[in-house]
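Step one of this worksheet: look at the structure below.
Chains as they are written, first to last, in the numbering used here: chain A, 5 to 526; chain B, 909 to 1140.
Now the structure itself:
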């Protein structure tokens, strides 16, 4: 006899179905196409492909290394040194990861141009070959992604049970305790973050595209968007997809349950390094100057030459409004699906839960241009699928595909702050699951949900790799607009638009920061 | 009169609004076993952490073998130079090191020559009867085995003072009784000076030369352990 599913099964089931359609199907489609074609040829690399693989791997390795060198010590600083206004400092140090990478790349090209600040300071022109090069791309991406390493290191250091360090302090001096006990215990988290940075950088499209570095993502884009060669795009996508998936699986396995675990194991005070406060403050300020203040100042310097802000807005006002509307819709859609996936993950245990974590990380690691090509292959056809293709819904599908997995992981961690016993108590009191969620669980996750929405908004607003492929003709988001006018528009105009984009990103972030401050003050 | 091994003079410690210790004084003679009992939050663990140098006192002094090791708001001798072994309540075995590695770290930190470390580790593991577990990691051990390894780690550096913070509290009664007897045997065999914190009177009866009772940051009584044993 047919029985209606419980409300929990139905809601979580719908969320899973949406995420399968948006995140899994495009990748599965690409894999199927490549395997049904001459898949073997995709994996036997010709000289051109080997060059691409070398450049891509070098970009990933270089960025992972440099970002870790910058970020991991800062994580140590935030975890173990008492600093004034630490919450604000953490927010400022983390801010670069929220800047669209291609905008930082844009600032870099202005900085290193013949009329840029570096040339003015050094008294001679920087060669274009260096400004637009693989090392430059590594530098730019490291300045964007170091917060990933910083935050992961801070979390890893804070998770270390203080008693393990105290037990060592009884027999060894502090430097030795740090070297032999603290750092080895934090190492898996730091290494996993480095792997994630590797994946993020080899998946990046905007910066290598802007700095004319030939890597897989730019070649996939060129094959599809410039040469209209879908099969070549698929062939190029396969090695990159495999590389990202393998590295993501290793990273997720290394992190294990820590991806969604939310509490420290002990309240014992950890070993502190307050005697390094001055040098730590100086290092933090130096990083902030280079990674945040310098790009903004360079863009501001360029933008001051714009005819007028009115003219800039008149040219790109539609794209700006379109972007804000799409980002609002996209972030809401992403959080609406991810909250139930996060709930299901938080309440699942054992190998199933860890398997889901790995799947989320792998799906997040799929490069944006590959997601774009997969979505087009899947939806660009006659029949009901064709109704969606060519509309703004494709952009929303792209946002869902890219950001559901990472948002779900974040919300799983938030859900774990709500003890299961709270749900059980509500159930015993006679409340159904939906009522329990609405009245008991979700209200306790308010700040986490708001944070997830703001982060999703920022990510969606700056999204370029998928958008540039799936946007309907004539429809442009602000990132697409900025990216496509760079070559043939005065730099002052482009810089002004980039600054406007940053301003829009920082409005919800500032609101969130104020909400967090109010909560901490209480 | 000979210098006490440990002398605590008028020690106080406050955490925010909570006065954890308030003018506590205590002397422990060399080879003496002192058991501190009292309810949760009475200041037992705080006292142990001050002796180890993991916290500094707000007032008072701590002396070891005639040398001042702690003063007001100041640690004069760092924890690793005080010659102590510490068994933590949750054992705090380092999860990324094997049993041998856990013990080896102590000897390496004490600059013990490499050649003599292996035999010493084996000797101490044999003493606590877990010599066959040297290549295992902490998560591969049972609760009782972890307890023994933790004790071995505290003993391997030949400490002049052994501090134990409710080391048996997480064990079932049978295992607890076994390990309590083992600890008493080791203390006699090694003539250890020991400060043992517990809220269990059976531990106190088995291990104490002297039982000190604490309440709300004060010492409220000191009893000869054997007399107490006879009373109970």
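Note that beta-carbon positions come from the ideal geometry of N, C-alpha and C, so glycine has one too.
Proximal residues of chain A, C-beta to C-beta of residue i below 7 angstroms
| i | result |
| --- | --- |
| residue 998 of chain B | 167 |
| residue 962 of chain B | 170 and 173 |
| residue 1168 of chain B | This structure gives no information on residue 1168 of chain B, because the portion of chain B shown stretches from 909 to 1140. |
| residue 987 of chain B | 173 and 174 |
| residue 1014 of chain B | 175 |
Own chain residues within Cβ distance below 7 angstroms of residue i, not counting five before or after
| i | result |
| --- | --- |
| residue 258 of chain A | 192, 195 and 196 |
| residue 1017 of chain B | 988 |
| residue 465 of chain A | 327, 331, 508 and 509 |
| residue 928 of chain B | 921, 922, 951, 954 and 1125 |
| residue 151 of chain A | 75, 97, 98, 100 and 101 |
| residue 266 of chain A | The pLDDT assigned to residue 266 of chain A is 47, lower than 50, so where the model puts this residue is not dependable; a value taken from the coordinates is nonetheless given after this. So the list reads 417, 420 and 421, once near-sequence residues are dropped. |
| residue 502 of chain A | 107, 110, 303 and 486 |
| residue 380 of chain A | 473 and 474 |
| residue 962 of chain B | 987 |
| residue 142 of chain A | 63, 66, 67 and 70 |
For residue i, the first and last residue of its enclosing alpha helix (DSSP H)
| i | result |
| --- | --- |
| residue 952 of chain B | 952-960 |
| residue 157 of chain A | 138-163 |
| residue 1013 of chain B | 1007-1017 |
| residue 53 of chain A | 51-84 |
| residue 452 of chain A | 450-465 |
| residue 1030 of chain B | 1022-1035 |
| residue 283 of chain A | 281-292 |
| residue 1054 of chain B | 1051-1064 |
| residue 398 of chain A | 397-419 |
Cut-off 6 angstroms between Cβ atoms - residues of its own chain near residue i, not counting five sequence neighbours on either side
| i | result |
| --- | --- |
| residue 336 of chain A | none |
| residue 1084 of chain B | 1076 |
| residue 448 of chain A | 422 |
| residue 996 of chain B | 1073 |
Interface partners of residue i on chain A, CB under 8 angstroms
| i | result |
| --- | --- |
| residue 1018 of chain B | 175 |
| residue 1206 of chain B | Any question about residue 1206 of chain B goes unanswered here, given that chain B covers just 909 to 1140. |
| residue 923 of chain B | Chain A residues near residue 923 of chain B: none, gap ~11 angstroms exceeds 8 angstroms. |
| residue 1119 of chain B | Result: empty, since nearest Cβ-Cβ is about 25 angstroms, beyond 8 angstroms. |
Residue i - partner residues in DSSP beta bridges
| i | result |
| --- | --- |
| residue 1159 of chain B | Residue 1159 of chain B is absent from the model: chain B starts at 909 and stops at 1140. |
| residue 1121 of chain B | B/945 and B/1129 |
| residue 426 of chain A | None, per the DSSP bridge assignment. |
| residue 1106 of chain B | B/945 |
| residue 922 of chain B | B/927 |
| residue 983 of chain B | B/978 |
Reference residue i, options the options, closest by Cα
| i | options | result |
| --- | --- | --- |
| residue 236 of chain A | A/434, A/249 and A/220 | A/220 |
| residue 207 of chain A | A/448, A/409, A/373 and A/473 | A/373 |
| residue 110 of chain A | A/489, A/283, A/514 and A/222 | A/489 |
| residue 28 of chain A | A/365, A/391 and A/394 | A/365 |
| residue 480 of chain A | A/100, A/229, A/323 and A/65 | A/323 |
| residue 917 of chain B | B/964, B/969, B/1064 and B/977 | B/969 |
| residue 334 of chain A | A/299, A/242, A/460 and A/225 | A/460 |
| residue 344 of chain A | A/279, A/494 and A/442 | A/442 |
| residue 1089 of chain B | B/998, B/1111 and B/1007 | B/1111 |
| residue 146 of chain A | A/104, A/338, A/506 and A/427 | A/104 |
| residue 347 of chain A | A/427, A/511 and A/60 | A/427 |
| residue 956 of chain B | B/1095, B/1070, B/1094 and B/1019 | B/1070 |
| residue 402 of chain A | A/165, A/383 and A/93 | A/383 |
| residue 245 of chain A | A/31, A/469 and A/467 | A/31 |
| residue 1051 of chain B | B/1005, B/1082 and B/1068 | B/1082 |
| residue 218 of chain A | A/395, A/53 and A/338 | A/53 |
Chain B contact residues for residue i, given Cβ-Cβ distances below 7 angstroms
| i | result |
| --- | --- |
| residue 189 of chain A | 1004 |
| residue 279 of chain A | Under the 7 angstroms cutoff, chain B gives no residues; its nearest Cβ is about 14 angstroms from residue 279 of chain A. |
| residue 185 of chain A | 1002 |
Range of the contiguous beta strand (DSSP E) that encloses residue i
| i | result |
| --- | --- |
| residue 97 of chain A | Premise fails: residue 97 of chain A lies in the alpha helix (DSSP H), 90-98, not in any beta strand (DSSP E). |
| residue 1110 of chain B | Element bounds for residue 1110 of chain B: not the beta strand (DSSP E) but the alpha helix (DSSP H), 1109-1115. |
| residue 207 of chain A | It is not in any beta strand (DSSP E) - residue 207 of chain A instead sits in the alpha helix (DSSP H) that spans 187-207. |
| residue 1073 of chain B | 1069-1073 |
| residue 992 of chain B | 992-995 |
| residue 927 of chain B | 926-936 |
Contacts of residue i in chain B (Cβ-Cβ under 8 angstroms)
| i | result |
| --- | --- |
| residue 180 of chain A | 1017 |
Proximity test, residue i beta-carbon vs the ligand NAP heavy atom, cut-off 7 angstroms
| i | result |
| --- | --- |
| residue 180 of chain A | The ligand NAP is absent from the structure shown, which contains no ligand whatsoever. |
Spatial neighbours of residue i in its chain, beta-carbon cut-off 8 angstroms, leaving aside the 5 residues before and after
| i | result |
| --- | --- |
| residue 354 of chain A | none |
| residue 1136 of chain B | Low local confidence applies: a pLDDT of 49 at residue 1136 of chain B is under 50, so the model's placement there is unreliable, with the coordinate-based value given in what follows. These residues qualify, in order along the chain: 1112, 1113, 1116 and 1119. |
| residue 1032 of chain B | 1011, 1060, 1063 and 1064 |
| residue 516 of chain A | 454, 455 and 458 |
| residue 13 of chain A | none |
| residue 269 of chain A | Reliability of the predicted coordinates at residue 269 of chain A is poor, the pLDDT of 46 falling under 50, and the value obtained from them is presented with this limitation in mind. Within the same chain, residue 269 of chain A has close Cβ partners 163 and 165. |
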